[in-house]
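> Protein chains in written order, with our numbering: chain F, 1 to 362; chain Y, 1001 to 1554.
Have a look at the structure that comes next, please.
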């Protein structure tokens, strides 16, 4: 399978908008839907509980969204999500609605976005018409830190995000905002943060989500490397040391590997099978761009969410001059050392070819 | 001040504790089913009150109860209590006559289940004339008779009706239904997997009630107790077994510690739910002495049937050709998933591996799991750690895998003769490298695999571990790989404290130490001073379970 050129990828992006209860998802959605660029967007609202209160707040025309009223999308209506997307596509193609430009799935506050991603990844037919646009997670600056500390589900929503949207910033001081941003940097160092004021999203949030998986991996790996370096460069006056927020992170961490030598694909997939089988539950998100021995000029792009992996996509060329394999892990309770050791043991990767930014920086 | 008096005190014993810190004692005190003192007369004197029962051992040897790491309990008890028994040497006429007697005594409509006919009778039974003879004597009762391999069944026409079978029924995968060559009419012979069809019919008929299951289990455990066994692992515990153990435990009638291994897949010889469905029910079957803490996975078959998986090929065979090596039933990635899942659930895995390639694959899978999961307190077993590639011997200790030594085939047997035919003599004799495993630091645990062994007598096994010669006197002068013999003290550890560690009960059983269960056996001799060739003659005089007598030799 070859990945379409992102600029010419005509597939409809599906963005998952998540965030804990009361973190401002619906406000954000209401404002987003007013933007001209959102014309042709469909919103799938997934309510928690029997009464769909949230949708009453969304000022959108009837045909623009489909409301799922039967509970949590993550556990009970996965099949319905697929059916709903197919129905939206059919209507759009048949001219019954305006042409579909994008889909936003707003999850219940408690939802784990992973099963929604699984649903999309597992439906090959669906993925010919739609692509995963990304996960946007709202975090409100008033309750965010406390919520993240108390609820591992909230921490997971943050960790697996492609973009964090900080809300209710007009209610607190700049210092409080800074503290939260700092906290989020530690929990999710790979994720870009955007600030919403009065629910207004200043930059075009959805358009800026990474459509190009390869440069996304490269960018995240770079961020993680920089974050690692930053931590280790911390002087004696540093107040945001490595373990500072450890207790509030629910074992969630992010790390990356850079591998200099080309990777033997058969051994690497064996290792992937093992990871999925034994650590799948705790592998919150895995992204990689891989230089393989059999075709080193055409990298493979990988994307996994827990035990589910997207079929690897072969790119026609490297997105930049950096042709090293980069692996990005967002995990819960998995040590970096475990990944390093098993890569060497089962993926036939030479220990000397694994760069360890942490050690290099120390 | 609370009464410190013990309930029970043993004195004047030659008490071998299996506690390396204190190997010998002469007195033991018990209170509330637990050992409260181990030492000499003076150590128990203060605990001996007016109500304390004092047992003078008069110099007899006492040791902790035996722990059998691999047994199949229900079948033996069912056969003894509820089934028609005849020896494999019984003639066709005898067999028919015995069914006739049983039918005359049993109520109308009730099942007659029996065994085992010699498999050499199979061609004779697999005929319409034989079926007609069986039907004549069964008086309309459904009859099912098992053969001596436990793989095949012969049933009467009534059972064929109950099972919904007719001449148009297709053969199941990996089995066949006997048919008359001329007419295609069914003969009642159910070969290999076809046996499952009629076994399931019986299971679904409600023939075996929970009361019968408990009685059968209790009978089997009483047999274990008579040989000094006070803890065991049931190596293929289906739902009726789990229910019987829990039922006995709830009634205070379970006279041994039981650990159960729930099959990941329905075994070929037992029927009902297995795998995730069965595992999900485990907590409802947990009791004080009933612990469903293992999962059983069959990775291959047996060498004699050329179904075990080996690195080197079997001898040439007209059907399988020159180069057949056997095969594994479960792939390494599947095994990895199973072991990983079981570790998440806090369950050990017992993996049946009869060939050296199966052993290698099981070790490979556990190596992967260890690499990702790090150390664990759970114990995984390789059963039966018998044919092992030399490079794999050290991996048992490295990976913390238990070598399940069962059944008692550590000396020349008819099984070994079968292996010589399928593997060639030189390879067949590289069987049970026990001493090598021990030297490499592996945890060796003893088991009977009863009823694969006709009885679960550990003393037969212990002699075999020490002499590598057949204790019964069969195969005189022959020894199996005698360099692999081990000493009797080590053999005793293997059948007590080692097996206790292997089944996760080392804090409770396996040695005579303060705080452990008062599971104690009194022997008719000091087995540490008995000539090796007499060890199998050892008799258990009394078996105590939690300080209660559960067996006394008449």
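We put the beta carbon where it would ideally sit given N, CA and C, even for glycine.
When the distance is taken between beta carbons, is residue 328(F) closer than 8 Å to residue 286(F)?
A contact, by the Cβ cut-off of 8 Å.
> Quick one: Cα of residue 366(F) to Cα of residue 134(F), how far?
Nothing in the structure corresponds to residue 366(F), since chain F is present only between 1 and 362.
> Could you tell me how far apart the beta carbons of residue 1244(Y) and residue 1213(Y) are, in whole angstroms, since I believe they sit closer than 8 Å?
Right, their Cβ atoms sit about 4 Å apart.
> So with CB distances below 8 Å, who are the chain F contacts of residue 1340(Y)?
Going along chain F in sequence order, the residues near residue 1340(Y) (Cβ under 8 Å) are 277, 278.
> Tell me whether the segment 1324-1331 of chain Y and the segment 1291-1305 of chain Y touch, counting them as touching only if at least three CB pairs, one residue from each stretch, are closer than 8 Å.
Verdict: yes, contact present.
> Within the 8 Å Cβ cut-off, does residue 1337(Y) reach chain F?
Yes, residue 1337(Y) lies at the interface with chain F (some Cβ there is under 8 Å from its Cβ).
> Between residue 1372(Y) and chain F, is there a C-beta pair that is closer than 8 Å?
Interface residue, yes.
> Following the continuous alpha helix (DSSP H) through residue 180(F), name the residue where it begins and the one where it ends.
It spans 174-187 - the alpha helix (DSSP H) in which residue 180(F) sits, taken as one unbroken run.
> Does the beta-carbon distance from residue 1410(Y) to residue 1434(Y) come in below 8 Å?
Yes. Within cutoff.
> Mind checking residue 1156(Y): buried by the 16 CB within 10 Å criterion, or exposed?
The residue in question, residue 1156(Y), is buried, as its Cβ has 16 or more Cβ neighbours within 10 Å.
> How do the segment 1226-1239 of chain Y and the segment 1256-1271 of chain Y stand: do at least 3 beta-carbon pairs fall below 8 Å, yes or no?
Touching, yes, given that three or more Cβ pairs across the two stretches are closer than 8 Å.
> Mark residue 1522(Y) as exposed unless 16 or more other C-beta atoms lie within 10 angstroms of its C-beta, in which case mark it buried.
Buried: at least 16 other Cβ atoms inside 10 Å.
> Look up residue 223(F) in the DSSP assignment and say whether it is helix, strand or coil.
Here residue 223(F) sits in helix by DSSP.
> Is the Cβ-Cβ distance between residue 1416(Y) and residue 1444(Y) less than 8 Å?
Against a cut-off of 8 Å, the Cβ pair of residue 1444(Y) and residue 1416(Y) comes out as no contact.
> Are the segment 1423-1431 of chain Y and the segment 1447-1462 of chain Y touching by the rule of at least three beta carbon pairs closer than 8 Å?
Output reads no: the segment 1447-1462 of chain Y does not touch the segment 1423-1431 of chain Y.
> CA-CA distance, residue 87(F) and residue 96(F)?
Straight-line Cα distance between these residues: approximately 11 Å.
> For residue 11(F), which three-state DSSP category applies?
Reduced to three states, the DSSP call for residue 11(F) is coil.
> If we ignore side chains and look at the alpha-carbon of each, how far apart do residue 1061(Y) and residue 1490(Y) end up?
In a straight line, the C-alpha of residue 1061(Y) is about 17 Å away from that of residue 1490(Y).
> Beta-carbon of residue 1330(Y) versus every beta-carbon of chain F: anything under 8 Å?
Judged by the 8 Å Cβ criterion, residue 1330(Y) is not in contact with chain F.
> Taking 8 Å as the threshold (beta carbon to beta carbon), is residue 18(F) in contact with chain Y?
So, not an interface residue.
> Within 8 Å (strictly less), CB to CB, does residue 1401(Y) reach chain F?
With 8 Å as the cut-off, residue 1401(Y) does not count as an interface residue toward chain F.
> Residues in the same chain with beta-carbon distance under 7 Å from residue 1366(Y), minus the five sequence neighbours each way, listed in chain order, please.
Excluding residues within five positions, the ones whose Cβ falls inside 7 Å are 1339, 1380, 1399, 1401.
> Once the 5 residues before and after residue 1418(Y) are set aside, which same chain residues still bring their CB inside 7 Å of it?
So the qualifying residues of the chain are 1304.
> At which residues does the beta strand (DSSP E) containing residue 1039(Y) begin and terminate?
Where residue 1039(Y) is concerned, the enclosing beta strand (DSSP E) stretches over 1034-1039.
> For residue 346(F) and residue 302(F), what's the separation of their Cα atoms in angstroms?
C-alpha separation (whole angstroms): 18 Å.
> Under the DSSP definition of a beta bridge, which residues are partnered with residue 1388(Y)?
Note: residue 1388(Y) sits in no beta bridge, so no partner.
> Indicate the three-state DSSP secondary structure (helix, strand or coil) for residue 217(F) in the structure shown.
The answer is helix: DSSP assigns residue 217(F) an H, G or I state.
> Distance check for residue 1383(Y) and residue 1342(Y), CA to CA, integer angstroms please.
About 17 Å.
> Tell me, please, which residues DSSP counts as bridged to residue 1184(Y).
None; residue 1184(Y) has no bridge partner.
> Specify the secondary structure class of residue 1031(Y) as computed by DSSP and reduced to three states.
Three-state result, residue 1031(Y): strand.
> So, do the segment 298-313 of chain F and the segment 332-343 of chain F have three or more beta carbon pairs nearer to each other than 8 Å?
They do not touch, by the three-pair rule.
> Please report the distance separating the alpha-carbon of residue 191(F) from that of residue 224(F).
The straight-line gap from Cα to Cα measures roughly 9 Å.
> Residue 338(F) CB to nearest chain Y CB: under 8 Å?
So yes, residue 338(F) belongs to the interface.
> Please list the residues of the segment 250-278 of chain F that have a C-beta atom closer than 7 Å to any C-beta atom in chain Y, keeping them in chain order.
Residues 273, 274, 277, 278.
> Between the segment 320-348 of chain F and chain Y, which residues of the former have CB atoms less than 8 Å from a CB of the latter, in chain order?
Here the close residues are 338, 341, 342, 345, 346.
> Using the beta-carbon of each residue, which ones in chain F are nearer than 7 Å to residue 1333(Y)?
Those within 7 Å of residue 1333(Y) in chain F are 273, 277.
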